[in-house]
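Encoded as structure tokens, the structure appears first; notes follow it.
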Amino acid sequence: IVEHMGVVVEIQQLDHSATGGDGWSMKIGDAEPILVDCRLGDSISVNGTCLTVTDFDTEWFKVGLAPETLRRTNLGDLKNGNKVNLERSLAANIRFGGHFVQSMVMNFPISSDIGSCAGYYHIVPGHVDTTGEIISITPEVNSLWFKISPADSKYLRYIIPKGYICLDGTSLTVCEVNDAENWFNIMLVAYTQSHITMPLKKVGDKVNIEVDMLGKYVEKIVESMLSSETNGVGGYLDKLVTNHLEKTTSKKNFESNTVKKYES
1 IVEHMGVVVE
11 IQQLDHSATG
21 GDGWSMKIGD
31 AEPILVDCRL
41 GDSISVNGTC
51 LTVTDFDTEW
61 FKVGLAPETL
71 RRTNLGDLKN
81 GNKVNLERSL
91 AANIRFGGHF
101 VQSMVMNFPI
111 SSDIGSCAGY
121 YHIVPGHVDT
131 TGEIISITPE
141 VNSLWFKISP
151 ADSKYLRYII
161 PKGYICLDGT
171 SLTVCEVNDA
181 ENWFNIMLVA
191 YTQSHITMPL
201 KKVGDKVNIE
211 VDMLGKYVEK
221 IVESMLSSET
231 NGVGGYLDKL
241 VTNHLEKTTS
251 KKNFESNTVK
261 KYES
């Protein structure tokens with residue numbers, strides 16, 4: 001669950017301090033509730049992006065932003081005063097519900113849309129794949145519909161209706177997907193709206209997108225199988241079919257020989 005909304009209080013594009021690493025750094029304030037057990041080197045999810053704590057006090061913490069992080073996420077667009085979703089790493093000895101979002105090996109921040117389907121665990125890589133642009137926001141009674149267009153359309157193939165998507169660190173249920181027009185939509189229930197930053201966004205704003213890790217694994221395995229087939233090297237599918245035919249033929253021969261034996 002997104003635990004808390006913090007506030008960006010400082011961004012440095014070239015931080016030469018001992019905790020800045022001569023690169024981008026960001027300090028996030030109003031974060032006291034998630035810093036009670038913080039240690040240097042801990043992972044904290046900021047808008048769904050797993051970042052390492054390089055410095056902290058009772059009310060703020062500091063993280064570094066690597067070039068790949070800036071390319072893949074919306075963190076480089078943040079300004080002082082912007083609110084962000086925050087989550088600590090999940091301890092292995094506590095109960096949790098909602099959608100399971102893996103951030104790093106051994107550290108598992110979780111996010112969930114409590115109003116949609118708590119109790120189901122959905123695994124995604126936890127590192128942001130791409131950003132998406134909000135192209136419409138539509139109220140319906142006390143709910144909000146968001147239509148989002150991924151910056152990189154190739155990730156749309158991992159998004160399916162009634163599947164899940166992680167947006168700025170909040171795992172939500174996908175409602176509709178339009179491949180031809182490159183968009184999908186989600187709905188935020190009232191409770192979720194009051195606990196995350198997304199309702200503060202406007203049409204044209206960006207959100208971080210994480211897609212299904214399992215879908216990527218399946219795709220890579222299948223592509224490898226098909227590639228070996230097309231290269232004429234007798235790939236997995238060819239072996240699978242051959243093995244099945246051999247077993248079927250062997251069984252039929254055994255049955256035929258058995259019948260002949262009893263007839264004689």
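For the sequence shown, full-length UniProt numbering begins at 1 and goes up steadily by one. Backbone N, C-alpha and C define an ideal beta-carbon position, used for all residues, glycine too.
- Tyr-164: member of the beta strand (DSSP E) spanning 164-167, first to last residue.
- Here Arg-39 carries a coil assignment [DSSP, helix/strand/coil].
- The DSSP assignment places complete beta strand (DSSP E) segments of no fewer than 3 residues inside the UniProt domain "Lumazine-binding" (1-99) at 4-15, 23-29, 43-46, 49-56, 61-65 and 83-88, in order along the chain.
- Here DSSP, grouped into helix, strand and coil, assigns Val-128 to coil.
- The beta carbon of Asn-182 sits closer than 8 Å to those of Ser-149, Pro-150, Ser-153 and Leu-156, all from its chain and outside the five residues before and after it, given in chain order.
- For the segment 171-250, the continuous alpha helix (DSSP H) assignments of 4+ residues that do not extend past its boundaries occur at 190-193 and 213-230, in sequence order.
- Rounded to the nearest whole angstrom, the CA to CA distance from Asp-30 to Asn-178 is 39 Å.
- In this chain, the beta strand (DSSP E) harbouring Lys-147 covers 143-150.
- If you draw a 10 Å sphere on the C-beta of Arg-72, you find 16 or more other C-beta atoms in it, and that means buried.
- Separation of Val-46 and Trp-145 (C-alpha to C-alpha, rounded to the nearest whole angstrom) is 23 Å.
- Approximately 6 Å separates the beta-carbon atoms of Ile-134 and Lys-201; this is inside 8 Å, confirming the contact.
- The Cβ atoms of Leu-78 and Val-9 lie no closer than 8 Å to each other.
- Fewer than three pairs of CB atoms, one per stretch, sit closer than 8 Å, so the segment 186-199 makes no contact with the segment 18-36.
- Residue pairing from DSSP leaves Pro-161 without any beta-bridge partner.
- With contacts defined by Cβ atoms closer than 8 Å, Val-128 and Ile-11 do not form a contacting pair.
- Around the beta carbon of Ser-25, 16 or more other beta carbons sit within 10 angstroms, so the residue counts as buried.
- Here Gly-81 is exposed. Its C-beta has fewer than 16 other C-beta atoms within 10 Å.
- As the crow flies, the alpha-carbon of Asp-15 is around 43 Å from that of Glu-223.
- Taking the CA atoms as reference points, Gly-23 sits about 45 Å from Val-141.
- 8 Å or more divides the Cβ of Ile-28 from the Cβ of Gly-48.
- Straight-line spacing of the CA atoms in Pro-199 and Ile-186 works out to 12 Å.
- For the options Ser-227, His-4, Val-218 and Val-203, the alpha carbon positioned closest to that of Thr-138 is the one of Val-203.
- If you draw a straight line from the Cα of Ala-180 to the Cα of Glu-219, it comes to about 21 Å.
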